[in-house]
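Presented below is the structure to which this report refers.
In my numbering, the protein residues as written are 1201 to 1345.
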């Protein structure tokens, strides 16, 4: 309450900006110019056309983002494959524990020998996968300056 016993009235609404954008400019584009403008706008990744136009007019830096669908697909598949290899590693540990718990030392060693053979084959596959990934990165994911 104020000194006189009256309450302050709240006007409501949004707080006014300190420097509002009140000046408006209109321009018209041909179909070809509009297509080019929209392509530049989409490549910039901005979500507001007015801010994009202001950044172009006043020479601010425009950020363009190019998404390589093939690289994204490869990356996603590689990630799922990595998850499967982690699961194989967990299963490997569980199998070794079960072998020593449920079988004799000699029988467990025989089964582990077979498991080691499969593991070396899997290691070769992983190495081949790593080589293919490096080849893919050098051919398709070249960093452009």
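Every residue gets a Cβ at the ideal spot worked out from N, C-alpha and C, and that includes glycine.
Next item on the list: Would you please state the rounded distance, in angstroms, between the beta carbons of residue 1258 and residue 1249? I believe it to be under 8 Å.
Entry: Rounded, the Cβ-Cβ distance is 15 Å, inconsistent with contact.
Margin query: Is the beta carbon of residue 1308 closer than 7 Å to that of residue 1315?
Written below: No, they are not a contact pair.
Item checked: Minimum C-alpha distance to residue 1335 - residue among 1243, 1252, 1274, 1218 -> Per the Cα distances, 1274.
Item checked: Inter-residue Cα distance where the pair is residue 1281 and residue 1229 -> Approximately 49 Å, taken between the alpha carbons.
Notebook entry, point to check: Three-state secondary structure (DSSP) at residue 1201?
Noted result: Interpretation of residue 1201 is limited by its pLDDT of 49, a score under 50 that renders its predicted location unreliable; no figure is taken from the coordinates.
Next item on the list: Please list, in chain order, all residues of the same chain as residue 1337 whose beta carbon is under 7 Å from its beta carbon, the five residues on each side excluded.
Entry: Exclusion of the five residues before and after residue 1337 leaves no residue of its chain whose Cβ lies closer than 7 Å to its Cβ.
Next item on the list: Could you confirm whether any beta carbon from chain B is found closer than 7 Å to the beta carbon of residue 1270?
Entry: This model lacks chain B altogether, as it is built from one protein chain only.
Item checked: Three-state secondary structure assigned by DSSP to residue 1260 -> It is coil, neither helix nor strand.
Next item on the list: Please report the residue range of the alpha helix (DSSP H) in which residue 1318 lies.
Entry: From DSSP, the alpha helix (DSSP H) with residue 1318 extends over 1305–1340.
Notebook entry, point to check: Where do the N-terminal and C-terminal ends of the alpha helix (DSSP H) with residue 1227 fall, by residue?
Noted result: That residue, residue 1227, is in no alpha helix (DSSP H); it is neither H nor E in DSSP.
Check: In whole angstroms, what is the alpha-carbon distance linking residue 1231 and residue 1276?
Finding: C-alpha of residue 1231 to C-alpha of residue 1276: approximately 38 Å in a straight line.
Next item on the list: List the whole-angstrom C-beta distance separating residue 1270 from residue 1225, where the pair is believed to meet the contact cut-off of C-beta under 8 Å.
Entry: Not really, about 42 Å apart at Cβ, beyond 8 Å.
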